[in-house]
Structure formats: structure tokens, C-alpha cells
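Going by numbering that gives the first Met the number 0, the first residue of the sequence shown is number 0, and it counts up by one from there.
Each remark here refers to the structure printed beneath this line.
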Amino acid sequence: MSRKTTPQDQLFEGDRAFRLLVQGVTNYAIYMLNPAGTIVSWNTGAGRIKGYEADEIVGRHFSIFYPPEDRAAGLPERALAVARRDKRFEAEGWRLRKDGSRFFASVVIEAIVENGGIIGFAEITRDITKRLKAESALAESENHFRLLVRNVTDYALYMLDPEGYVTTWNLGGQRIKGYLPDEIVGQHFSRFYTPADRKAGKPARALKTARETGCYKEEGLRVRKDGSFFWACVVIDPIRDESGDLIGYAKITRDITERREAQQKLERVQGELAESRKMDALGQLTGGVAHDFNNLLMSLIGIARRIKKLSDDDRILEAVETLEAGIKRGSSLTQQLLTFARRQQLNPVVVDVSNTVASMQEFLKAALRSTVSLVVDVPKDTWPVLADPAEFETALINLVLNARDAMLVGGEIRISAGNHQPEPNEGGDDLVRISVGDNGVGIAPDVIAKVFEPFFTTKPVGQGTGLGLSQVHGFANQAGGRLEISSQIGQGTEVTIWLPRAEAHKSKDENLSIGKIGGTVLLVEDNPDVASACTSLLKDLGYQVKWVADAETALKEIENGGIDVVFSDIVMPGNMDGLGLARRVKREHPSLPIILTTGYSEAVLKVDQEFRIVRKPYKLHELSLAFENAASLDSSLDAPIHENGYRQESG
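Here it is in C-alpha cells:
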């Protein structure tokens, strides 16, 4: 029969089970101290954590676990005093194991009270060294991150509170935006925006977008402390705590002004390249048209001369004069097209400014709207200039058309000219001023510095190539002069070409008496109509003419002898063009004069005064001059070069 369990038995079993529980705990050191701090019990966890067996430590004072410096400072005694007073002491600190190694411990000392008096203390110690290392590593990482952020100079990295006020500031922010930390922390970030952006509510929208979508990204203008603008790349991210509540924003700003300018420059270069390719294609097309058109004009010149020879009817002769005027205008138009397409060699001559402007006046008026009037004030005594007449006319046309386009509701264009003789103390050469002014809309100061750049235009897309003023600028410089522009918004613009004065001379005229030279000309021309017209002109000059249609036949005629001058078109069918023929003749018959002619050819751009060139359609006096000077070409190649880049010819 089993003995009945008494309450004392149950209490004993409960105490025994509790002791077994405490003794079996291994992650905590749990032991008892008497009121003086001497160890009276020891569990398995204490042995594992501190390294002592129970019989090694029971009876010794618990201060043995403290480092020497803490014992010297009286920390064990203070711990018991606090536990005695407050019934509990809690702390974290370094403790010693039996082998002398240290560990970081979380310590709790509880006072044990019986019958109102303290009979001892229960101490629980936990090894939290790993947690300390993790926290230290985290703190070190955070410190490194703060140092990294604070010392980054290429990016402005800073924090905003939920309302948008700056709470942190790094060196990048200081470098990019110009503010020191004590100048900007506590200020609203909207001060970095332009006045227009602030007025439009852009800063508030940026925070709202970041808050609602998780990120805000933008590129735009921002303002530095000194008021200057820069182009920025901006990113704003919302910062939330563990519960998801917004605690602020992280803002990153990068100055990308140089990158944007480089991108814009690249886009401009790409645009200019596209325009250049377009102009090159236009030039090739223009050259082909010019060649055929000038051949046609050459044929018409021959027809007109034959009619004048065969008829003395005044009405017919009047019609022929009209035809010749049209031929002259067509020739001028072709030259202007070639000049515009940069397919024309410069042909500088002495230009009478007054006569040239007067001859263009009706043409210029026809190009204007009815609401725009043209006033010309070019005195007869205006000095002549040395320039390519086609380039000069093109420059004048460009300036007048630009002035016309600047007057949206009408106005007045004024062409004026004058002589400028520098004072003795000024030095320099005599200059001629040719100005084109208008009373149109004017040009803004920030734009006027760019108007001479190729392809730059203020006109809408499709209404301008941006080459007009750049052509005028190039013409003025190549002619040894300069170009000036002045403008005021709402009052108009004036562009002035300054060109060096040239010595006047009596220009040749086809109506002047032309001497008969004589001799035999070998005419090499594949177009029968052009050959017929040219033959007529040459016979009027007193030459005998032999006509062949290609270079191979021409070489055979030269070998047969009896040829005094070779006059060849450049563009011809067959394996050899006119330029190839000329070089062959020059090599094999160096004393035989050679003159080339063309309506237009790419090859003429490469001749560079190697041979004399006559452009179609040519007049009788031009042909006469070319043949007169053909024999002197070799000596002219040794002539000095003019300061403007033109070779001064003898004869």
C-alpha cells in the first residue's frame, strides 16, 4: 500500500524540479549569493559561460568575475548596494572567465527577501558578446556610411523632414549649391528652385510624387546660393520607419550642366552635319543643272549673234536685245546658285558698288512684300572694291531678305554706302562701308553673338537654312574686310560690310573695239549648238576654227600640227575629259596655249589656276581677254599673291 503524498512532499518535489530546471539551463549563468556576495550555488550554464566547476567557485566572492579595473572602481560593491536598495540591479559590461578571457555580459541581480530581510541575491548572467559585436559592426558601418555621404563631393546628398526642410547636408551639397551646413540646415528645399518653378508649385509636387509613387526623378534648372543657375539631375526617395510612417526624404542632386552642354553640342553638330550633307547634295544637283543650263545659254548667245548679223530690222534687233538681257540674267542666276551651294570658284574683280547696287534695285524690290519699302542711298562717288561680284550680289540679297523677314507688319529697308578714310593717327587702309538696315523686331543680345554661326537661324523650321549671314561673314573676311551687326529689340537691325578700297579701272565692255588676233583654234566641244556659237565668236575675233567632239580626236589633230590655241570644254564623253586633255597637251606640247571652259564641273574646283578657265556662258570680250592672256599664263603663275588670297595677274 503506497504512502499518501503530503503537502510537504509536494513542496519538496516542486523545489527539486525547480532546482533541476535551473541546473539544466545552459544559456544563462544562474547562481545564488549570500548577503556578503559569496557564491553559494552554481548551475550548468554558469559553468559553461564562466568556465568554473561548482567546487571551484562556490564559497568565493562574485567580484572574481569583474575585470581588475572594475574591482578597483568598486563596481561589485555598488551592484549589491543597488540591489539591496532597489531590490534589483541591471547592467551590461565586461566580465572575466576562469581562463582570463573577457566576454560582454548582460547581468541582473535580484534581492531575495524573507521575513522582511534580505537573505541573499540571485544573479543571472547572459553572454551577449555576439550581439555587442553585431551592434558595433552596425554602428561602425553606419558611421562609415555617414562619413561617406558627408564627404561625397560630386553629389549633393541630404535629408529632408516630411515638410521638406533640410535636416542634413554634405560636402557635395556645399560644393554644388554653395551653402555651408549652418546656412541651409533648417531651410526649406524649395529655395533651390527657380522663382518660376516655386510659383508653379513644383517643389510641393515633387514631394507628393515621391510620397505617393515611391520615387521622384527629374532634370531641370536649379539655383545656387549666388543666384546662378545649373542643370541638375534630381532624385527624391521617401524614408519610412518600421511601421510605414513617413519620417522624411532622401534627396540626391547632381550637377549635369557640362553633360547637358556636351549633349546639346553633339545635337548641334549632328544637325550641322545633316545640313552639310543636304547642302552637299544640293550642290551636286545645282552643279549638274548649271552645266546643262549654261550650255543652253551658250547656244542662245550664238543664235542671238547670228540674228544680229543677218537682220537690220529694228524690231528684230530689239527682240534680240531682250533675249540677251534674259541670257545675262540667267547667267547671273546660275552663278548665284553655284555660290550658294559653295560650288563656285572666287573670281575677284574691281566692283563698282554704286552701279552694282543700282542694277540690283529692281530685283530686290520685287523680292519684298508690298508693305516693305526699299530706300537706296549709295553715292556715285563710292569707292570701288575688289571682290567676287557674284558673292557680293549674293551677300546683298541675303541681307535684304533677312531684313524683310524681320519686319512682320511692314517697314523700311535702307541700303547705304560710304567711304571711310582713317585719320593719320589711326593707320589702316581706306575702306568702303555697305550697310543694310531695317526697323523690324530686332535681335536679342544673347542671340546676336550667334547669328554668324553656320546653320544658326531664328526663323521657324523650314523657313531658313541658317547660312545667309554666315555666307556674308565669309565673303567679307575672304575679301579682306569684316562684318558688323548692331540691333535693338523693337527698333531694328543694321548689318555693315566693310571692304578694302580698290583702285578703279576702266572695265572692259563687249561693245569696245576688239583687235583681230588670228591663228587657228582647236575647239573641243561635244555639244554641236555650243560649238556653233563658240565658232561664231572665235571667227569674230579673227581665228580659224577646227572643231572636234572628244579628247582623242583632239590629240590626233594636235599631232597633225597647225594648231595655235586649244580651247576645250571640261565635261566631255569618253575616257578623257577636258582637264585630262589639257594636262596631256601641257606635258607633250608645253608651248601650246590651253584654255578650258565649263558651265560647271567638279573638276574646275581642283584646277586652282593650273589652266585659264572661261565660264559659260561667256561674252565676246571675256573670250577675247582669255585668248589675249593665254600665252602669259605661265608668267602670271609666278606673280605675287595678293594679301586677300588672290593671285595678281600680269596683263
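Think of the CB as a built atom: it goes at the ideal place given N, C-alpha and C, for glycine as much as any other residue.
Quantities reported herein were computed from a predicted structural model and do not represent experimental measurements.
Looking only at TRP546, ASN424, PRO237, GLU241, the smallest Cα-Cα distance to LYS250 is reached by PRO237. Spanning the alpha carbons of ALA475 and ILE496 requires a straight line of approximately 6 Å. DSSP lists LEU430 as the bridge partner or partners of PRO499.
Within a 10 Å sphere around the beta-carbon of ILE175 sit 16 or more other beta-carbons, which makes this residue buried.
Annotation note: the segment 55–108 contains the following uninterrupted alpha helix (DSSP H) runs of length 4 or greater, listed N- to C-terminal: 67–71, 74–85. Your pair GLY50 and ASP98 checks out as a contact, with CB atoms roughly 6 Å apart and the cut at 8 Å. Contact between the segment 579–599 and the segment 248–266 is not established, with fewer than three Cβ pairs separated by less than 8 Å. Burial check for THR152: the Cβ neighbour count within 10 Å stays below 16, so the residue is exposed.
THR193 is the residue among ILE557, THR193, ILE433 whose C-alpha sits nearest the C-alpha of PHE229. The alpha-carbon separation between ALA625 and GLY598 amounts to approximately 16 Å. Taking C-beta atoms under 8 Å as the contact rule, LEU622 and LEU540 qualify, at a distance of about 7 Å.
DSSP places MET359 inside the alpha helix (DSSP H), whose first and last residues are 352–365.
Distances from the CA of GLY560 to each of LEU591, THR208, ARG101 were compared; the closest alpha carbon is that of LEU591. Residue pairing by DSSP puts ALA249 in a beta bridge opposite MET158, ASP236. Short of 6 Å from the beta carbon of ILE484, and not among the five residues preceding or following it, lie these beta carbons of its own chain, in chain order: VAL494. Per DSSP, reduced to three states, the secondary structure at LEU407 is coil, with no helix or strand assignment. For ILE175, the enclosing alpha helix (DSSP H) begins and ends at 170–176. Inclusion of GLY171 and HIS187 in the CB contact set at 7 Å is not warranted, their separation being larger than that value. Here DSSP, grouped into helix, strand and coil, assigns GLY270 to helix. By the beta-carbon neighbour count (other beta carbons within 10 angstroms, threshold 16), ASN114 is exposed. The distance from the Cβ of ARG101 to that of LEU95 is about 6 Å, consistent with a contact at the 8 Å cut-off. Counted as a single uninterrupted DSSP element, the stretch harbouring ALA478 is not any beta strand (DSSP E), since DSSP gives it neither H nor E. Where SER369 is concerned, there is no enclosing beta strand (DSSP E), because DSSP gives it neither an H nor an E. Cβ neighbours of LYS364 within its own chain (closer than 7 Å, five residues either side excluded): LEU373.
Taken atom to atom, the span from the alpha-carbon of ARG83 to that of ILE117 is near 8 Å. Residue GLN490 holds the alpha-carbon nearest to the alpha-carbon of ALA443 among ARG77, LEU156, LYS129, GLN490.
Inter-residue distance for PHE120 and ALA28 is about 14 Å (C-alpha atoms, whole angstroms). No Cβ-Cβ contact shorter than 7 Å links ASP429 with PRO383. Counting only the Cα atoms, ILE433 lies some 47 Å from ALA550. The segment 548–575 contains, as complete alpha helix (DSSP H) runs of 4+ residues, the segments 550–559 (chain order). For the 7 Å CB-CB criterion, LEU580 and ALA548 do not form a contact.
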